[in-house]
Amino acid sequence: MTTQMFRLPPVMTSDELLDTAFRRVSKVSVRGRSKTETAKRSSIKKIEVLNNVIVSALTRYQKKSPSVDNLHPFYFEIVDILVGRDDLKRSLGALKWCAEKSSEIGRTYIKRVRRTKNHGEIESLRKEAFGRISSLLKQTSNSLDFLIDAKRRLRRMPSIDPEVPTIVIAGYPNVGKSLLVRAMSSGKPRVENYPFTTKKVSLGHFDQDRTRFQVIDTPGLLDREMDKRNVIEKQAIAALRYLAHVIVFILDATETCGYEVAKQENLLRDVAEQFRDIPLVAVENKSDLMKRDSPRMRISALTGDGVEELRRVAAEAAISRALEVARAQESR
Ligand SMILES: Nc1nc2c(ncn2[C@@H]2O[C@H](COP(=O)(O)OP(=O)(O)O)[C@@H](O)[C@H]2O)c(=O)[nH]1
Ligand SMILES: [Mg+2]
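In this note's numbering, the protein residues as written are 331 to 662.
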């Protein structure tokens, strides 16, 4: 399974590719023993060059594009959201078709040039071959444009390793998610794109019992009630299912975040429902601001109080979930 980021190769538009190919064609210079032989060899070479430049580019685009089917399910979902896996497959398939068709045209015309006895026909056959290959490539321009656009969209892919046990932090805005990612991480968290939220997610790491864990927050995703979301946001959230080994849900009992506790409890229920099979730890943050008894773990992302204990609990839950996932994959 590919865990690397899904990247497409650089792709040229059909016009750019034709320009490149014709520039190469213009450099062709061959000689034969007679005028007719020179004309034949030159036309054959030109058709070959045009065809080779186009076919090798199209083949390269196709070969260098990672297969969607081998993607980790987290990235599979994200690629599907960002570009649509069916459209992506269709576009790559169109390139393959175009490359085959172009080779076929090239072969046919080279044969015809070779066979002709009529000197005047050589040049017109070459022109015909060029015309047919050019218009074939123009028919594929939509697919090339699609891939160029897809590459741009895929820049919003987060570079997260889905094989690393992952703690996903959820909760309303301003409850302390970002600060907690920072408090739990050994270094400074990285800032990443996540599709369909304009907000950046923080991504940190820590080591516990010689295992590396990653912690990620979810602004714009798991920070308001589920029924307020559109289809795409729901899909973006669903992708988290393949990433999260444990969810840490933050409550802010001080309500300095601006949301009533009752509302926060509703979101907690939503998230628990959405990620039913994934362990969930609910914690109360900002313990430094307010003393109170609670059956839940109390922490302060600001002072670091209880963070060590949370790291231990979350790591333990993440490991058992990771084992469960691995076992489920084996028995498949
Ligand atoms: N006193 C106190 N303030 C906190 C604590 N955690 C977060 N904050 C503050 O709450 C605000 C929102 O925190 P932030 O991490 O940005 O919340 P997010 O929107 O959930 O990511 C910031 O001003 C933080 O400094 C805490 O444990 N104690
Ligand atoms: Mg934040």
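Ideal Cβ placement from N, Cα and C applies to all residues, glycine included.
Note that the structure is a prediction, hence the values are computed from the model and not measured.
beta-carbon residue i near ligand 1 non-hydrogen atom, thresh 7 Å
i    : result
P519 : no
N615 : yes
S624 : no
V655 : no
L551 : no
S630 : yes
V505 : yes
L581 : no
G414 : no
G501 : yes
L598 : no
L619 : yes
Cβ-based burial, residue i [other Cβ within 10 Å; buried from 16]
i    : result
G436 : buried
L619 : exposed
V385 : buried
I562 : exposed
E407 : buried
L484 : buried
E660 : exposed
P625 : exposed
T470 : buried
A592 : exposed
R540 : exposed
R651 : buried
P488 : buried
Reduced DSSP secondary structure (H/G/I, E/B, other) of residue i
i    : result
E430 : helix
A566 : helix
F605 : coil
T332 : With a pLDDT of only 43 at T332, under the threshold of 50, the placement of this residue in the model should not be trusted, and no figure is reported.
S532 : strand
Option in the options with minimal Cα separation from residue i
i    : options                   : result
E493 : S433, R483, V545 and S473 : V545
Y589 : R442, K376, D553 and A513 : D553
Y391 : V379, A644, S650 and P340 : P340
D349 : N448, S464 and D600       : S464
S508 : I490, K530 and R363       : K530
L422 : P519, A480 and A645       : A480
F526 : V611, T548 and A513       : T548
Within 6 Å of ligand 2: residues by beta-carbon to any heavy atom: K507, S508, D547 and P549
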